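One structure is given here, and the rest of the page talks about it.
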Amino acid sequence: MASVFFSYSHKDEELRDRLEVALATLKRQGLIDTWHDRMLRAGDEFDPGIREELERADIILLLVSPDFIASNYCYDIEMARALERHGAGEARVIPVILRACDWHPTPFGKLIAAPRDGKPIRSWPDLDEAFLDVAKKIREALPKAAGAAVRAAPMVESHFIPLASPGPRSSNLRISKTFTDADQDRFLDEAFGFMAKFFEGSLSELKARNSEIDTAFKRIDANRFTAVIYRNGKAVSRCKIVLGGMLGRGISYSSNDQADDNSCNDSLAVETDAQGMFLKPIMGMSRFGGSEKQHLTFEGAAEYYWDALIGHLQRE
């Protein structure tokens with residue numbers, strides 16, 4: 026059984042929890058156990074406890090984000106020692122890019138990152154697909170046999186002092202999180218704000234790339250915007266997107282930019298689980314990527330509605 030160590034910023038705890046869930050199959054197969062600092066028990070010394078687990082790890086996941094890079098402990102202590110062990114063939118380091126950041130110039134920037142192409146988890150349309158891709162990369166990286174050598178990378182100098190390995194303990198120590206109405210309202214506000222910027226930028230780029238295409242984006246107010254695509258002066262696709270609407274708390278889509286706020290063709294609602302919040306279609310107007318997505322990120326939700334708008338143009 027390979028030991029997997031999570032090096033992460035506490036600001037990314039929600040994403041770390043989701044990744045641990047995505048690794049459940051590997052755990053049930055007895056291929057890995059996982060460890061992160063939330064598994065320290067009352068009375069444990071924080072720094073020595075982390076160092077012990079880092080020393081015994083076979084695979085070290087660097088959960089990369091702006092906060093990870095900004096953290097002195099994550100970057101200067103955990104990451105430095107992880108790369109030293111990687112370079113010595115004692116462990117394998119896998120950067121997992123959680124959120125967009127300037128990670129390529131870092132000491133781990135030459136390593137192949139997960140998910141594929143180093144695309145940040147938060148930029149994938151569907152969180153489940155992103156974490157599945159990470160889980161597959163981790164499965165591929167598992168030692169083929171006990172004590173198997175791992176591919177080396179350039180060594181990073183550090184002054185880390187190894188400590189003794191601890192006794193066994195469970196990695197199943199997660200507890201459910203709860204999200205208040207205020208949490209969900211803020212999540213919706215942020216999702217809608219992202220979607221408005223996404224549509225405005227996408228319409229501008231569509232127009233710039235195609236001489237026969239014109240577009241119009243109108244931010245009506247804080248809760249509503251419209252979008253229109255024209256080909257050779259003729260409107261071929263219109264929509265109106267509203268925060269709220271006839272179905273209550275959610276983000277609704279109408280295929281008519283003049284539609285009443287109390288009508289829509291589809292709506293996205295906030296869904297929660299034990300680890301976090303996401304958006305989910307509740308009317309099934311279209312099937313993003315050929316199948317309904319269950320855990321849409323901000324990017325995924327925006328793509329879901331953009332797919333509906335541009336689909337009329339693409340079918341002409």
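If you're matching positions, the sequence shown starts at 26 in this note's numbering and goes up one per residue. All C-beta atoms, glycine included, are put in the ideal place defined by N, C-alpha and C. Keep in mind the model is a prediction, meaning the values are calculated, not measured.
What's the call for residue i, buried or exposed, on a 16-neighbour Cβ count within 10 Å?
i	result
residue 325	buried
residue 283	exposed
residue 26	exposed
residue 35	exposed
residue 130	exposed
residue 234	exposed
residue 259	exposed
residue 166	buried
residue 266	buried
residue 50	exposed
residue 211	exposed
residue 117	buried
residue 57	buried
residue 221	buried
residue 138	buried
residue 207	exposed
Hey, residue i and residue j are a contact pair by Cβ (cut 8 angstroms); roughly how many whole angstroms apart?
i	j	result
residue 323	residue 276	At roughly 11 angstroms, the Cβ-Cβ gap does not stay under 8 angstroms, so residue 323 and residue 276 are not in contact.
residue 292	residue 308	6 angstroms
residue 5	residue 87	Any question about residue 5 goes unanswered here, given that the chain covers just 26 to 341.
residue 46	residue 84	The Cβ separation is near 17 angstroms, so there is no contact.
residue 94	residue 128	7 angstroms
residue 133	residue 108	6 angstroms
residue 329	residue 321	6 angstroms
Are residue i and residue j close, meaning C-beta to C-beta below 8 angstroms?
i	j	result
residue 79	residue 163	no
residue 213	residue 274	yes
residue 228	residue 248	no
residue 96	residue 37	no
residue 99	residue 33	yes
residue 43	residue 300	yes
residue 333	residue 255	no
residue 327	residue 223	yes
residue 408	residue 146	An answer regarding residue 408 cannot be provided, because it is not within the stretch 26 to 341 covered by the chain.
DSSP on residue i, reduced to helix/strand/coil?
i	result
residue 205	coil
residue 227	helix
residue 126	coil
residue 340	coil
residue 150	coil
residue 380	With the chain running from 26 to 341 in the structure shown, residue 380 is simply not present.
residue 64	helix
residue 161	helix
residue 51	helix
residue 265	strand
residue 323	helix
residue 57	strand
residue 33	coil
residue 211	helix
residue 115	coil
residue 88	strand
residue 156	helix
residue 141	helix
residue 217	helix
residue 232	helix
Ignore the nearest five residues each way along the sequence and tell me which others in residue i's own chain have a CB closer than 7 angstroms to its CB.
i	result
residue 204	297 and 302
residue 232	238, 239 and 240
residue 337	261 and 262
residue 225	242
residue 316	For residue 316, the predicted model reports a pLDDT of 42, less than 50, meaning its position is unreliable; a value from the coordinates is still stated below. Cβ within range, chain order: n/a, list empty.
residue 123	37, 40, 88, 89, 90, 145, 146 and 147
residue 281	263 and 265
residue 340	none
residue 306	291, 293, 317 and 329
Beta-carbon within less than 8 angstroms of residue i's beta-carbon, same chain only, minus the 5 sequence neighbours each way: which residues are those?
i	result
residue 245	251
residue 209	274, 295, 297 and 302
residue 53	none
residue 55	26
Counting only the same chain and skipping the five closest in sequence on each side, list residues whose C-beta sits under 6 angstroms from that of residue i.
i	result
residue 158	140 and 141
residue 101	none
residue 144	none
residue 61	31
residue 103	32
residue 82	28, 30 and 116
residue 219	323
residue 160	47 and 48
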